[in-house]
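S.K.: The numbering of the sequence shown is the numbering used here, which starts it at 27 and goes up by one. Note that the Cβ used here is the ideal one computed from N, Cα and C, for glycine as well. Mind having a look at this structure? Questions to follow.
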Amino acid sequence: MPDKEQILIALLNSYAKLSLASLHELVSQADYSTYDKDAYLVKEDKNDEREYFLLEGLMHCCNIAEDGRTVTTDILNAPVVIVPHFARTLQRRSIFSIQALTACVAAHIPVSVFDKLRYAHADIGAFGNAVVEKELSRHLKEDTIFRSCNARQRLLLMRGRYPGLENMIPHHIIASYLGITPVSFSRLRNELAARD
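Set out below in structure tokens:
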């Protein structure tokens, strides 16, 4: 199995081709943390000063609704660059929580360090732009598709994007992500299973 640095290098290069010098700069600035299932990478409305790279495992972005329910807004399947700091914070406070759904490993770099590297190295700047473009495109497409599809279609789309997810994480989280109740999710799964 590749080590954490190898996974990080492959992840960085999957967004934009980086020079060996730039890769070395980024990797040398990264710290690594492991997260048990249910642990938080960051909590909603808490100070957050890092860029994150999910190397292993599954996490979700979530908010707590007024009634206390956890509302899942995104699912993160490693390896992936987590939404950039500027887009997930307001006045340096996280606008959502990021919680481990399985055991996870993540790399993190302080935003101030990453920004200095981005301005000092053109290819790291291009990497940052590629991450923003990819995330913006993904979120716009998902929002448009999810808003125009019924629950059955959303479930089928989710299954296509995250094969086997239903066997890995709690169903109430998937139901929340799909915008339906856990009871509706169970009913929908049974209907689809009966058709197969």
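Applying the criterion that 16 or more other CB atoms from any shown protein chain within 10 Å of the CB defines a buried residue, is S123 buried or exposed?
M.R.: Answer is buried; the Cβ neighbour count reaches 16.
S.K.: Give the C-beta separation of Y78 and F153 to the nearest angstrom, bearing in mind that I take them to be a contact with Cβ-Cβ under 8 Å.
M.R.: With a Cβ gap of about 15 Å, Y78 and F153 do not count as contacting.
S.K.: Apart from the five residues on each side of it in sequence, which residues of its chain come closer than 7 Å, Cβ to Cβ, to E31?
M.R.: Cβ neighbours of E31 beyond the five flanking positions: V53.
S.K.: List the whole-angstrom C-beta distance separating V68 from D74, where the pair is believed to meet the contact cut-off of C-beta under 8 Å.
M.R.: Rounded, the Cβ-Cβ distance is 5 Å, consistent with contact.
S.K.: Taking the alpha-carbon positions, what's the Y58 to I150 distance?
M.R.: About 20 Å.
S.K.: Spatial neighbours of D93 within its chain, please: CB distance less than 6 Å, with the 5 preceding and 5 following residues excluded, ordered by chain position.
M.R.: No residues qualify anywhere along the chain.
S.K.: From which residue to which residue does the beta strand (DSSP E) around I135 run?
M.R.: It spans 130-136 - the beta strand (DSSP E) in which I135 sits, taken as one unbroken run.
S.K.: For the segment 82-156, list the beta strand (DSSP E) runs that are entirely contained and at least 3 residues long, ordered along the chain.
M.R.: With a minimum length of 3 residues, the continuous beta strand (DSSP E) runs that stay inside the segment 82-156 are 84-90, 96-103, 123-126, 130-136.
S.K.: Determine the direct distance from the alpha carbon of H197 to that of Q125, and round the result to whole angstroms.
M.R.: Their Cα atoms are separated by approximately 15 Å.
S.K.: How long is the line joining the alpha carbons of F112 and E70, rounded to whole angstroms?
M.R.: Cα to Cα, F112 sits roughly 15 Å from E70.
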